[in-house]
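>
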Amino acid sequence: MQNKCNIAMQSHSIYKVPDGKLLKITLEYDEEKNLINNLKITGDFFAYPEEAIELIENKLKNSLLKRDELIEKINLIIKNNQIEFIGLNAEGLADGILMCLK
Amino acid sequence: MNEEWRLLITEDISAYKNMAMDRAELVSISKGNAPPTVRFFSWKPRAISIGYFQSLKEEVNLEACRNLGVDYVRRITGGGAVFHDKELTYSIVIPESHNQIPKNIMESYGRICGAIIKGLNHLGIKSSYVPINDIISSGKKISGNAQTRKAKTVLQHGTILMDVDVEEMFSLLIVPNEKIKDKLISDVKERVTSVKDILGKNISFSDVANAMKKGFEEEFDVNLSKGALTDEEKDLTEKFENEFFSTKMWNHRR
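Top line first, the protein sequences correspond to chains A and B.
Residue numbers for the first sequence follow numbering that gives the first Met the number 0, so the first one is 0 and each next one is one higher.
Residue numbers for the second sequence follow numbering that gives the first Met the number 0, so the first one is 0 and each next one is one higher.
1. Tell me, which residues are paired with ASN222 (chain B) by DSSP?
2. Consult DSSP for LEU26 (chain A) and reduce its assignment to one of helix, strand or coil.
3. Express the C-alpha separation of ILE115 (chain B) and ASN2 (chain A) in angstroms, rounding to a whole number.
4. Could you tell me the distance, in whole angstroms, from the CA atom of SER54 (chain B) to the CA atom of ARG253 (chain B)?
5. Need the endpoints of the alpha helix (DSSP H) that MET105 (chain B) sits in, please.
6. In three-state DSSP terms, what is THR236 (chain B)?
7. Can you tell which of A:LEU92, A:ILE85, A:LEU87, A:GLY86 has its C-alpha closest to the C-alpha of LYS72 (chain A)?
8. Please list, in chain order, the chain A residues whose beta carbon lies closer than 7 Å to that of THR147 (chain B).
9. How would you write the range of the alpha helix (DSSP H) that ASN57 (chain A) sits in, first residue to last?
10. Of all Cβ atoms in chain B, is any one closer than 9 Å to the Cβ of LEU21 (chain A)?
11. Could you tell me whether any Cβ in chain B is nearer than 9 Å to the Cβ of LYS60 (chain A)?
12. Are VAL194 (chain B) and LYS140 (chain B) closer than 9 Å when you measure CB to CB?
13. Straight-line CA distance for PHE45 (chain A) to ASP133 (chain B)?
14. With 16 other CB atoms within 10 Å as the buried threshold, where does LYS151 (chain B) fall?
15. Can you list, in chain order, the residues of its chain whose CB lies under 6 Å from that of GLY37 (chain A), leaving out five sequence neighbours each side?
16. So that I know if they touch, is there some Cβ in chain A lying closer than 9 Å to that of SER48 (chain B)?
17. Name the two residues that bound the continuous alpha helix (DSSP H) containing ARG190 (chain B).
18. Can you list, in chain order, the residues of its chain with a C-beta nearer than 7 Å to that of GLY77 (chain B)? Leave out the 5 residues immediately preceding and following it.
19. Roughly how many whole angstroms lie between the Cα atoms of LEU22 (chain A) and LYS43 (chain B)?
20. Can you tell me which residues form a DSSP beta bridge with PRO94 (chain B)?
21. What do you get for ALA208 (chain B), buried or exposed, if any count of 16 or more other CB atoms within 10 angstroms of its CB means buried?
22. With DSSP collapsed to three states, give me the class of ARG38 (chain B).
23. By DSSP, does TYR15 (chain B) sit in helix, in strand, or in coil?
24. Is MET211 (chain B) near ILE159 (chain B), with beta carbons less than 9 Å apart?
25. Who are the Cβ neighbours of LEU87 (chain A) in its own chain at under 8 Å, not counting the five residues just before and after it?
26. Which ranges would you report for the alpha helix (DSSP H) in the region 126 to 151 of chain B if only whole runs of at least 4 residues count?
Following this line, the structure appears as structure tokens:
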């Protein structure tokens with residue numbers, strides 16, 4: 000989907016997290032501003048509590064698509080909401096998101 | 000005297016009911032209305048279950064499922080897609096505070112998988128736990144497991160493969176790249192095994208269930224005593240089946 004006014008792009012990635020599980024990302028982003036518009040995180044990883052994944056998807060909206068900033072933001076969400084990932088981590092999630100840009 | 004846990008055996012029930020029953024037990028046990036419970040079950044019709052975080056459309060060939068009469072359901076646990084065919088599926092529901100359950104999630108996977116390993120040993124199969132959530136025998140996967148924790152209660156369910164048809168499994172799952180499908184099938188055949196593969200003969204569901212019962216009793220030093228769902232659990236099972244697990248809203252939500 001491409002819109003000339005907003006330069007909204009949609010992309011998909013499949014990323015095997017090192018020592019972890021398979022992560023699949025669907026990303027809608029603003030190419031000009033380098034911002035996340037919408038994000039869907041799917042895959043065969045584990046997260047406790049499970050509902051946290053929707054919280055992460057929401058809180059990452061309007062985030063800058065830069066690795067260090069994404070990792071910092073994801074780690075903060077994990078800490079503030081006592082989320083535990085198994086087979087996934089903040090670095091893996093950030094890398095999966097950024098792979099959509101390649 | 001050993002602590003008494005409840006054993007449920009529910010063969011040949013639907014995917015929706017199976018997942019609803021696990022969740023109903025989780026609710027009642029979290030309220031202290033039933034003892035820790037181990038359930039052995041099978042699926043009829045055969046079904047695919049997908050992990051909580053998976054996309055149904057990305058993982059499951061819905062048309063092939065319809066053609067082959069295979070149901071599909073989203074689990075409340077994470078993990079991957081599983082084709083439930085010739086297998087024994089187990090679930091255990093137990094308070095997080097129980098002294099037999101490690102607080103650490105990975106350690107508790109290992110502990111519960113220990114019961115499956117002891118059960119397989121009773122069938123003459125040597126196996127071991129491989130984190131995150133597999134049990135392997137002779138280097139090949141024979142059991143996959145998935146755990147959730149809700150309302151201070153642990154639910155872990157998993158499969159013990161009794162026989163496996165990798166070709167049929169891949170006709171039901173979406174393969175990202177059709178060109179490598181044959182290679183994927185041969186890879187999975189190399190990586191997956193079953194009770195029948197290892198022992199060279201068919202073993203009945205009840206024989207596997209008896210072995211697993213002993214495995215749980217030994218691992219947790221308890222007696223498993225055959226019981227039934229409480230009235231509350233029966234009502235909750237029906238509610239969860241109708242309102243969640245059989246609905247498009249739940250199964251297609253991701």
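Beta carbons: idealized from backbone N, C-alpha and C, even for Gly.
So, from the data block:
1. In the DSSP output, where bridge partners are listed per residue, ASN222 (chain B) has B:GLU3.
2. The answer is strand: DSSP assigns LEU26 (chain A) an E or B state.
3. With a pLDDT of 45 at ASN2 (chain A), under the threshold of 50, the modelled position of that residue is not reliable, and the figure given next carries that caveat. Their Cα atoms are separated by approximately 54 Å.
4. Spanning the two alpha carbons is a distance of roughly 5 Å.
5. Segment 104 to 121, the alpha helix (DSSP H) holding MET105 (chain B).
6. THR236 (chain B) carries a helical assignment under DSSP once its states are collapsed to helix, strand and coil.
7. Nearest of A:LEU92, A:ILE85, A:LEU87, A:GLY86 to LYS72 (chain A), Cα basis: A:LEU92.
8. Here the neighbours are GLU49.
9. Looking at the DSSP string, the run of the alpha helix (DSSP H) that includes ASN57 (chain A) is 51 to 58.
10. Closer than 9 Å: yes.
11. No, because no Cβ of chain B sits closer than 9 Å to the Cβ of LYS60 (chain A).
12. Taking a C-beta distance under 9 Å as the contact criterion, VAL194 (chain B) and LYS140 (chain B) do not qualify as a contact pair.
13. If I take the Cα positions, the gap works out to 14 Å.
14. Residue environment: LYS151 (chain B) is assigned as exposed (fewer than 16 neighbouring CB atoms within 10 Å of its CB, all protein chains considered).
15. In the sequence on display, residue 37 (chain A) carries Asn and not Gly. Result list for ASN37 (chain A): GLU27, in chain order.
16. By this cut-off, SER48 (chain B) is not an interface position.
17. Segment 180 to 190, the alpha helix (DSSP H) holding ARG190 (chain B).
18. If we look at GLY77 (chain B) and ignore the five residues flanking it on each side, its Cβ neighbours are GLY50, TYR51, PHE52, ALA145.
19. Looking at the two C-alpha atoms, the distance is approximately 30 Å.
20. Under DSSP, PRO94 (chain B) shares a beta bridge with B:THR152.
21. ALA208 (chain B) counts as buried, since at least 16 other C-beta atoms from the protein chains shown sit within 10 angstroms of its C-beta.
22. Under the three-state reduction of DSSP output, ARG38 (chain B) falls in the strand class.
23. Three-state DSSP puts TYR15 (chain B) in a helix.
24. For MET211 (chain B) and ILE159 (chain B), yes; Cβs fall inside 9 Å.
25. These residues qualify, in order along the chain: VAL16, GLY19, LYS20, LEU22, GLY42, PHE44, PHE45, ALA46.
26. Fully enclosed alpha helix (DSSP H) runs of 4 or longer: not present.
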